[in-house]
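**Student:** Can you keep this structure in mind? I'll have questions shortly.
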Amino acid sequence: MTILSMAQQACRRIGLASPSALLSSTDDTYVQLVALANEEGEELAERFAWKALIKEATFTTVAAASQGAMTTLAGTDFKYIINDTIWNRTTRRPVFGPLAPRDWQALQAAPVTGPYHQFRIRIGNLYFNPTPSAGDSCAFEYLSKNWCQSSGGTGQSAWAADTDTGVLDEQLMTAGLIWRWKQVKGLDYAEDYAKYERRVADTMGRDGSRGVLDMAGGITDYRPGLFVPQGNWSL
Numbered sequence: 036m037t038i039l040s041m042a043q044q045a046c047r048r049i050g051l052a053s054p055s056a057l058l059s060s061t062d063d064t065y066v067q068l069v070a071l072a073n074e075e076g077e078e079l080a081e082r083f084a085w086k087a088l089i090k091e092a093t094f095t096t097v098a099a100a101s102q103g104a105m106t107t108l109a110g111t112d113f114k115y116i117i118n119d120t121i122w123n124r125t126t127r128r129p130v131f132g133p134l135a136p137r138d139w140q141a142l143q144a145a146p147v148t149g150p151y152h153q154f155r156i157r158i159g160n161l162y163f164n165p166t167p168s169a170g171d172s173c174a175f176e177y178l179s180k181n182w183c184q185s186s187g188g189t190g191q192s193a194w195a196a197d198t199d200t201g202v203l204d205e206q207l208m209t210a211g212l213i214w215r216w217k218q219v220k221g222l223d224y225a226e227d228y229a230k231y232e233r234r235v236a237d238t239m240g241r242d243g244s245r246g247v248l249d250m251a252g253g254i255t256d257y258r259p260g261l262f263v264p265q266g267n268w269s270l
């Protein structure tokens, strides 16, 4: 579903004339719809670490405290690191952190060496302590700020063309656009907002699937060890 088709669907449900073009329109109604669609995308992306926005970055260490800018190591869409995902794949050890400013300065005043590294992000740069060896392969996962994309698949953090599509759930964004429109127009939006919030909660619960917690112990047949099939058997 494109941003144009989302806006058309929202307009039909609100009772507005459906636009034949959106991003290029100078009509105040459609200009406002675009602004609200961007607001919906931005706020929805902020609410949760959606699996559709999680990416992996790899980089090679340099023999210095600063490993470079996060937007260079990961990409220009970098938003923040997912906790506990930085690993040195060469040494097969985790990189702990992030360090608080106080702890970082304590290490600068009283340097320590050892097999484990810790990290801190400051002024958009990634710092390691102690200084790593050059050439180690490291990786981490991060959240992208690009919640929509062009028709060619290029990630974007705002709608730019009528053919752009959502990276996040488009039906959810359409529902968000509807209640936001009613809110700014001073109309009753309580029921639309409540339905939207229920859908957001349901989508969060299903996002990326979840492991099953079985209080009975779960299925044991497929665990490592001697396998004895269930049922009657004899030698």
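Residue numbers (the working numbering): 36 to 270. We treat Cβ as the ideally placed atom computed from N, Cα and C, and that holds for glycine. Bear in mind that the values here come from a model prediction, so they are computed numbers and not experimental data.
With a cut-off of 8 Å on the beta carbons, I'd call residue 178 and residue 154 a contact; round off their distance for me.
**Tutor:** In fact, because the Cβ distance is near 17 Å, the residues do not count as touching under 8 Å.
**Student:** So, helix, strand or coil for residue 179, using DSSP?
**Tutor:** Residue state, collapsed to three classes: strand.
**Student:** Just to confirm, is the Cβ distance from residue 70 to residue 180 under 8 Å?
**Tutor:** No, the Cβ-Cβ distance between residue 70 and residue 180 is not below 8 Å.
**Student:** For residue 166, which option in 235, 140 and 147 has the closest C-alpha, if you only look at C-alpha atoms?
**Tutor:** Ranking 235, 140 and 147 by Cα distance to residue 166 puts 147 first.
**Student:** Assign residue 40 to one of three DSSP states: helix, strand, or coil.
**Tutor:** Helix.
**Student:** Which of the three DSSP states is assigned to residue 130 in this structure?
**Tutor:** In this structure, residue 130 counts as strand in the three-state DSSP scheme.
**Student:** Comparing alpha-carbon positions, which option in 117, 64 and 60 lies nearest residue 45?
**Tutor:** Residue 45 has its Cα closest to that of 64, out of 117, 64 and 60.
**Student:** Taking the runs of the alpha helix (DSSP H) that are 4 residues or longer, which of them lie wholly in the region 135 to 204?
**Tutor:** Correct list: 136 to 144.
**Student:** So residue 230 is in the alpha helix (DSSP H); what residue range does that whole segment cover?
**Tutor:** Run containing residue 230: 225 to 241, per the alpha helix (DSSP H) assignment.
**Student:** How do the region 94 to 107 and the region 192 to 207 stand: do at least 3 beta-carbon pairs fall below 8 Å, yes or no?
**Tutor:** As far as the Cβ criterion goes, the region 94 to 107 does not touch the region 192 to 207, which means the pair count is below three.
**Student:** With a threshold of 8 Å on Cβ separation, who are the neighbours of residue 62 within its own chain once the five nearest residues in sequence on each side are excluded?
**Tutor:** Same-chain partners within the cutoff: 54.
**Student:** Which of helix, strand or coil does DSSP assign to residue 118?
**Tutor:** Here residue 118 sits in coil by DSSP.
**Student:** Secondary structure at residue 80, three-state DSSP: helix, strand or coil?
**Tutor:** In this structure, residue 80 counts as helix in the three-state DSSP scheme.
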